[in-house]
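This report refers to the structure that appears directly beneath it.
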Amino acid sequence: MKLYLARHGQTDWNLEHRAQGQVDIPLNETGIKQAEELREKLKSYHFDICYASPLSRAAETAKIAVDGQCEIIFMDDLKERYFGSLEGSDPKTWTMDDYDRRINSNEGGIEPIKDLLARSKRALEKIKAENSPDSSVLIVAHGSFLKTMHFNIVGYDDDTDFWSFSLENGEIKEYEV
6 MKLYLARHGQ TDWNLEHRAQ GQVDIPLNET GIKQAEELRE KLKSYHFDIC YASPLSRAAE
66 TAKIAVDGQC EIIFMDDLKE RYFGSLEGSD PKTWTMDDYD RRINSNEGGI EPIKDLLARS
126 KRALEKIKAE NSPDSSVLIV AHGSFLKTMH FNIVGYDDDT DFWSFSLENG EIKEYEV
């Protein structure tokens, strides 16, 4: 299966370096343009299906980018990592390494990294089960979530540097799964 991971377009909170988590923040003007640019990139691709987070920034990006090419299925498991009381704050002010599997912090009510990895693995397994091996599938979701999806595809262990991978707003990455 060809799997494409795409991150939603920019929001005002992205500009302000605020953890959005599961707060439903819409795309800003730049984010809409990024979704339109993603649509242009995707015109040369064929997708059998698109899965997207139901949070508006990802849902709107998916709708713009797919532009009617295929069905979009909204899946709760594709929502961004829950940041608890830290949602809306600047991650640079946090006192823990929220991507260290050994620490596996849930400070401030944050969704522990092991839980997010398990949720993204569950979503990946469901998508693989629902589609044929020769399918072409697009997933439109969020930065932290897509980070864990990436590592569920390529592999990880307790010493993995989760900071070594990220997708920018409107960026897409291709995998064979």
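Note that the sequence shown covers residues 6 to 182 in the numbering used here.
Note that CB positions come from ideal geometry on N, CA and C, so glycine has one too.
Quick caveat, the model's predicted, so the values are computed rather than measured.
Integer-rounded CB distance, given that residue j should sit under 8 Å from residue i
i	j	result
residue 44	residue 174	Going by Cβ atoms, the distance from residue 44 to residue 174 rounds to 14 Å, so no, they are not a contact pair.
residue 142	residue 50	Not confirmed; about 11 Å, so no contact.
residue 128	residue 82	4 Å
residue 77	residue 63	The Cβ separation is near 10 Å, so there is no contact.
residue 113	residue 90	5 Å
Nonlocal neighbours in the same chain, by C-beta distance under 7 Å from residue i, ignoring five residues either side
i	result
residue 28	92, 93
residue 41	69
residue 151	10, 12, 172
Contacting residues, own chain, Cβ-Cβ under 6 Å from residue i (five flanking each side not counted)
i	result
residue 61	29, 31
residue 17	33
residue 122	153
residue 140	6, 53
residue 55	67, 71, 75, 77, 143
residue 59	79
beta-carbon residue i near the ligand ATP non-hydrogen atom, thresh 8 Å
i	result
residue 71	The ligand ATP is not among the ligands present in this structure, which contains no ligands whatsoever.
C-beta contact flag for residue i and residue j at 9 Å
i	j	result
residue 185	residue 65	This structure does not reach residue 185, given that the chain is present from 6 up to 182, and the question cannot be answered.
residue 6	residue 138	yes
residue 163	residue 124	no
residue 156	residue 115	no
residue 102	residue 110	yes
residue 73	residue 39	no
Nearest to residue i (by Cα), restricted to the options the options
i	options	result
residue 181	107, 154, 88	154
residue 144	111, 70, 88	70
residue 165	104, 124, 136	104
residue 53	172, 136, 150	136
residue 131	36, 109, 80	80
residue 19	172, 178, 119, 179	172
residue 126	100, 115, 102, 158	158
residue 179	15, 47, 39, 120	47
residue 36	59, 67, 170	67
Chain C contact for residue i (CB, 9 Å cutoff)
i	result
residue 175	As a matter of chain content, chain C is missing from the structure shown, which is built from one protein chain.
Sequence-distant residues of the same chain with beta carbon closer than 8 Å to residue i, five excluded per side
i	result
residue 176	11, 12
residue 100	112
residue 168	104
residue 170	152, 155, 156
Cβ contact check for the region 94 to 106 and the region 19 to 26: 3 or more pairs under 8 Å: yes
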